[in-house]
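Comments concern the structure below.
Numbering (my numbering), first residue to last: 4 to 403.
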């Protein structure tokens with residue numbers, strides 16, 4: 004029995020050793036392409052969803068955000084609240100933002116963009132806006148007449164929402180914040196581009212500047228954003244923040260996504276549909292590749308039967324051969340994907356209005372797709388081998 008099981012392995016090895024090398028190379032190449040196609044699109048959509056989520060966290064909300072209770076405009080005792088939050092285990096840093104009750108304009112152009120007052124030292128520890136400056140520089144804590152604006156506010160010929168922008172505002176120019184009819188001029192200190200349209204429609208001044216203009220906002224915040232350290236449990240930290248009893252609402256970042264939640268859900272749905280299509284294409288491709296390979300070996304199969312090799316041995320040998328093709332395609336495809344495609348797209352990401360998307364491989368989905376390729380290959384080897392071994396021996400030997 005053991006010898007009989009060894010024979011299919013031996014025959015499969017002989018098929019490879021004595022076969023044409025270019026045919027072997029072409030078969031493995033096509034299997035590799037089929038597998039890469041199967042994991043590329045899901046990885047791209049996973050990268051888009053993951054990238055947009057990171058943009059929300061890094062530019063707008065942090066891992067956790069706090070807002071005033073219904074009916075209140077501000078969170079009171081901001082400084083004390085921030086200090087208590089920073090002392091919680093799992094919290095890396097926290098920053099407060101105060102919505103500036105003013106309209107931003109330059110000349111005759113005005114917009115409904117949001118302007119926030121921040122403590123620059125705290126904000127750069129929670130948000131990555133300070134690292135996204137493309138012109139000028141970020142705010143300093145003592146700035147009282149400086150402002151930074153997002154790329155979508157500044158505008159320019161290559162800006163997505165240029166029609167609604169300041170049409171090309173640059174660093175050093177003046178803009179005006181109108182507070183209840185009272186204008187205050189600010190100099191554009193920096194322009195940032197986070198590559199996230201919603202974030203790039205914001206402007207920032209310092210808390211010090213706002214407190215000079217509207218003293219009643221001192222020690223108040225419209226939102227507080229919290230950044231967690233890598234090992235922190237989000238739900239546990241939220242519970243501890245709520246226990247501070249600060250008369251505010253505490254949310255995980257996921258509840259602030261709004262439109263992006265719909266976008267991510269749409270991408271996930273498209274991902275499922277394209278995955279089904281990719282699986283179908285890969286299955287048909289593999290079936291054709293292996294079917295043609297085996298059908299072209301009809302004469303060899305007929306000779307094997309003529310010398311007394313039982314049909315089930317021949318069938319198993321081609322199933323093993325198909326398994327070898329599948330494993331070679333999976334291993335080669337994984338190597339090409341991980342060592343070539345992933346590094347390439349990390350260096351040259353897909354630039355989208357919501358993020359710079361890279362390839363993110365979900366290993367659970369990877370294993371599922373590898374199993375699909377493997378079992379489809381076994382089936383693709385089994386079916387034609389059964390067909391050929393059931394044909395008349397003379398017909399097979401003559402290759403008919």
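The beta-carbon is built from N, C-alpha and C at its ideal position, and this holds for glycine as well.
Assigned secondary structure, residue i (DSSP; H/G/I helix, E/B strand, else coil)
i: residue 136; result: strand
i: residue 68; result: strand
i: residue 99; result: strand
i: residue 359; result: strand
i: residue 23; result: coil
i: residue 142; result: coil
i: residue 160; result: coil
i: residue 206; result: strand
i: residue 180; result: strand
i: residue 405; result: Nothing in the structure corresponds to residue 405, since the chain is present only between 4 and 403.
i: residue 94; result: strand
i: residue 188; result: strand
i: residue 249; result: coil
i: residue 131; result: coil
i: residue 174; result: coil
i: residue 234; result: coil
i: residue 126; result: helix
i: residue 200; result: coil
i: residue 53; result: helix
i: residue 345; result: helix
i: residue 147; result: coil
Unbroken alpha helix (DSSP H) run spanning residue i, endpoints
i: residue 84; result: 81-89
i: residue 217; result: Where residue 217 is concerned, there is no enclosing alpha helix (DSSP H), given that its DSSP letter is neither H nor E.
i: residue 114; result: No alpha helix (DSSP H) contains residue 114, which is instead part of the beta strand (DSSP E) from 112-114.
i: residue 170; result: Here residue 170 belongs to no alpha helix (DSSP H), and DSSP marks it neither H nor E.
i: residue 244; result: 237-245
Per DSSP, cross-strand counterpart(s) of residue i
i: residue 195; result: 136, 153
i: residue 254; result: 68
i: residue 9; result: Note: residue 9 sits in no beta bridge, so no partner.
i: residue 78; result: 224
Residue i and residue j closer than 8 Å at C-beta
i: residue 192; j: residue 149; result: yes
i: residue 322; j: residue 385; result: yes
i: residue 41; j: residue 376; result: yes
i: residue 87; j: residue 226; result: no
i: residue 96; j: residue 245; result: no
i: residue 292; j: residue 62; result: no
i: residue 318; j: residue 392; result: yes
i: residue 352; j: residue 163; result: no
i: residue 51; j: residue 138; result: no
i: residue 167; j: residue 114; result: yes
i: residue 34; j: residue 297; result: no
i: residue 278; j: residue 44; result: yes
i: residue 2; j: residue 270; result: Absent from the structure is residue 2, since the part of the chain shown begins at 4 and ends at 403.
i: residue 251; j: residue 78; result: yes
i: residue 371; j: residue 38; result: no
i: residue 105; j: residue 122; result: no
i: residue 81; j: residue 222; result: yes
i: residue 179; j: residue 257; result: no
i: residue 2; j: residue 240; result: The question about residue 2 has no answer here: the residues shown for the chain are numbered 4 through 403.
i: residue 228; j: residue 129; result: yes
i: residue 153; j: residue 203; result: yes
Limits of the unbroken beta strand (DSSP E) element including residue i
i: residue 227; result: 226-231
i: residue 392; result: Segment 366-393 is the alpha helix (DSSP H) holding residue 392; no beta strand (DSSP E) there.
i: residue 119; result: 117-121
i: residue 107; result: 106-109
4-residue-minimum alpha helix (DSSP H) runs that sit fully inside the stretch 271-313, ordered along the chain = 301-309
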